[in-house]
Amino acid sequence: MPDAAVPVGAELASGVGLVLARFGPYRPTATAVTYRPDLVPNRALVAVARASVAGRTGVLLVTEGLVPNRQYGAHVHVRPCGPAPADAGPHYQNRRDPQQPSTDPQYANPENEVWLDFTTDARGRGLTATTVDWVFRDHRPRSVVLHETHTQTEPGSAGMAGARLACVTVWF
């Protein structure tokens, strides 16, 4: 499997992208960064795939080596990973909420954002996928962030999923 310093990431064809990497500490060349190695261990694997066809976008997230039987939230974010968890910026939104951070269910919802919540199995593997009825545009996303909990949906906390545990820079 690839090392954190040697990620596989590419736009495979028009509308199709893939990132495969191992989590590790932040470095300027890192693709997958863990901010909480107790919950997203160094060397855990992550794969993110995206396909856009006929005005729709599907995103797949696969992990291996995480904490067994644990819930994680995950979302597509607007900026690449950085040394601090907040560097990835807010969630990518098809229709941008003028108020950030967005907690209004009119904007912070799985139809307007890419939500990839998952629960790992007994061996620490996770798998999730979603499809939205739009494609990424000029303000393309740059990362997928793993969060501490599944995503909330209530007004005032919609879109929130706890602390940012890890980040994967993507080439969408």
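Just so you know, we're using the UniProt record's numbering here: the sequence shown kicks off at 1 and counts up by one. Heads up, the beta-carbon is just placed ideally off N, CA and C, and yes, glycines get one too.
- About 10 Å separates the CB atoms of N94 and N109; that is not less than 8 Å, and the two are not in contact.
- Where S102 is concerned, there is no enclosing beta strand (DSSP E), because DSSP gives it neither an H nor an E.
- Exposed is the label assigned to G55, since fewer than 16 other Cβ atoms lie within 10 Å of its Cβ.
- Residue state for A47 is assigned as strand, using DSSP reduced to three classes.
- Sequence-distant partners of A47 (beyond 5 residues in either direction) whose C-beta falls short of 6 Å from its own C-beta, in its chain, are L20, V62.
- At least 8 Å separates the beta-carbon of T149 from that of L66.
- A Cβ-Cβ contact shorter than 8 Å links T130 with L116.
- G82 is bridged by DSSP to nothing; it lacks a bridge partner.
- Residue nearest to G24 within the set R50, N69, P90, G82 is G82 (criterion: CA-CA distance).
- Between the segment 96-106 and the segment 37-52, the count of C-beta pairs closer than 8 Å stays below three; the two stretches do not touch.
- In chain order, E148 place their CB closer than 6 Å to the CB of A163, counting only its own chain and leaving out the 5 sequence neighbours on each side.
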